[in-house]
Each structure stands twice: as structure tokens, then as C-alpha cells.
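Asks:
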Amino acid sequence: AAGVIQSPRHLIKEKRETATLKCYPIPRHDTVYWYQQGPGQDPQFLISFYEKMQSDKGSIPDRFSAQQFSDYHSELNMSSLELGDSALYFCASSPGGRTRDSYEQYFGPGTRLTVT
Amino acid sequence: AQSVTQPDIHITVSEGASLELRCNYSYGATPYLFWYVQSPGQGLQLLLKYFSGDTLVQGIKGFEAEFKRSQSSFNLRKPSVHWSDAAEYFCAVDSGGGADGLTFGKGTHLIIQP
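Those protein sequences? They're chains A and B, same order as listed.
Per the working numbering, the first sequence starts with residue 1, numbered consecutively.
Per the working numbering, the second sequence starts with residue 117, numbered consecutively.
1. Identify whether L11/A lies in helix, strand or coil by the three-state DSSP scheme.
2. Anything in the stretch 30–55 of chain A with a Cβ closer than 7 Å to a Cβ of chain B? List those residues in chain order, please.
3. Taking three-plus beta-carbon pairs below 8 Å as touching, is the stretch 30–44 of chain A in contact with the stretch 130–142 of chain B?
4. Would you call the stretch 123–142 of chain B in contact with the stretch 104–112 of chain A, where contact means no fewer than 3 C-beta pairs closer than 8 Å?
5. Could you give the distance in angstroms between the alpha-carbon of L164/B and the alpha-carbon of Y152/B?
6. Consider the Cβ of G175/B: report whether some Cβ of chain A lies at a distance smaller than 8 Å.
7. Distance cutoff 8 Å, beta carbons only. Does F90/A sit that close to anything in chain B?
8. Applying a beta-carbon distance threshold of less than 7 Å, which residues of chain B neighbour F107/A?
9. For a test of the three-state rule: what should DSSP assign to Q6/A, helix, strand or coil?
10. What did DSSP end up calling K222/B once you bin it into helix, strand or coil?
11. Look at the alpha carbon of A117/B and the alpha carbon of Q174/B, and state the distance between them as a whole number of angstroms.
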């Protein structure tokens with residue numbers, strides 16, 4: 001079965017640079033979520049989109065922005081990178097709507113961002 | 117705001133022994149509860165979920181969990197663990213608002229002894 005695709009899988013950037021992470025949800029999933037997981041930490045919710053509109057916002061820094069496109073893929077843009085941004089960034093998708101299935105989030109493999 | 121507590125940071129179990137991982141939640145209404153498993157450097161895989169109805173839910177890989185409203189708990193169990201079960205286990209809660217982010221516990225690291 002098709003899964004959530006994230007690219008790139010690994011990314012190395014220097015401080016103050018910009019990074020863009022991409023997420024391709026499972027086909028027919030219209031809701032996308034972004035999470036940040038620091039070393040040895042639990043995943044922290046950043047932001048979500050439903051039908052291309054921002055739905056919920058968590059602890060996303062002002063330096064980060066995200067959007068969902070017409071084909072439902074999403075991009076997380078990170079500017080003025082700091083050492084503390086080094087983490088595993090997960091994207092998850094769900095079918096959306098208000099059925100029980102819409103509450104099941106399926107996670108991608110993650111993008112490991114290292115800021116030096 | 118909802119929160120999740122996993123009291124055990126590490127748990128060591130012998131292969132073939134039974135397992136119980138604890139999870140307590142704090143939320144005003146009936147929450148949607150999940151257990152995820154994460155192998156090192158990997159993504160999170162959904163083991164099982166509770167929305168409503170039967171308080172004992174079955175998941176993949178032989179796992180089950182029981183929702184106890186009176187104790188605000190959602191403990192994960194497996195009757196006989198295998199070495200491949202060694203991983204990080206996260207309990208999570210969804211407020212049920214639709215497209216809301218999950219709130220995760222800090223995780224429990226499961227070690228399997230031969």
C-alpha cells in the first residue's frame with residue numbers, strides 16, 4: 001500500500017540558511033500534519049492543513065511556514081536555521097472529514113535535518 | 117489542554133514474557149487514544165486506536181490496549197514479547213476536533229532480554 005513520502009530523507013544546512021521539506025500524502029488523503037522530533041524527544045505537533053487551508057497550529061516557530069498545494073502535497077519552509085532546529089521532521093496524513101478514519105494519522109519516514 | 121503521561125522511561129522484559137506499558141491521559145471529554153511504535157531512526161507506526169465502544173481494543177503485531185475511564189488510562193499489553201518488539205512506544209491523544217495535532221507522551225523505551 002502507498003505510504004506517506006517525504007523528501008529529502010536527510011538534509012544538512014548551515015546556521016542562518018533556509019530549508020524546504022516536502023511531504024506527499026497517501027492518495028485520497030486531504031489532511032497533512034507536520035511534527036518535529038528532537039533527539040530523544042517525543043514528536044511535537046507543528047501545523048496541519050485540511051483541504052489546503054491551515055487547520056491547527058502547534059508550536060511552530062515564526063521562522064517556519066508551511067502550505068498545502070492543490071495536489072495535497074505540503075511543504076515546510078524553514079528560514080534562519082538555528083542549531084536547535086536539528087531534528088527529525090515527520091509528515092503525517094489522514095483521510096480528513098469527520099469520520100473515525102479521519103483521526104488516524106499515518107506517518108512518513110521523516111526528514112532528518114542537521115544544522116551545523 | 118490535553119496531556120499524556122508515560123510513567124516508565126525504560127522497561128526491560130525477557131523474550132517470551134508478558135508486557136504492559138502504562139499511559140495516563142488528561143482530557144476533559146472522551147479522548148481519541150493511540151499507541152505508536154518507533155524503531156530507531158524510523159517513522160511512527162500505528163499499533164492501535166480507541167475512539168469509543170469496546171474498551172479493549174486489538175491492534176497489530178499481537179498488541180492490545182484497555183481504556184479505563186475511571187483511571188484515565190490506556191495501557192498497552194502483549195502476552196508474549198519477541199526480540200523484534202524492542203523499540204520506542206508512544207501513547208498519544210487527539211482532542212477529536214478534526215485535523216488536530218496529536219499530543220504524545222514522552223515515550224517508553226522497551227528493551228528485550230534474550
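Note that the Cβ used here is the ideal one computed from N, Cα and C, for glycine as well.
Note that the structure is predicted; figures quoted are calculated from it, not measured.
Replies: Once the coordinates are examined:
1. strand
2. T31, Y33, D42, P43, F45, S48, Y50, S55
3. no
4. no
5. 7 Å
6. no
7. yes
8. G159, L160
9. strand
10. coil
11. Taking the straight line from one Cα to the other gives about 28 Å.
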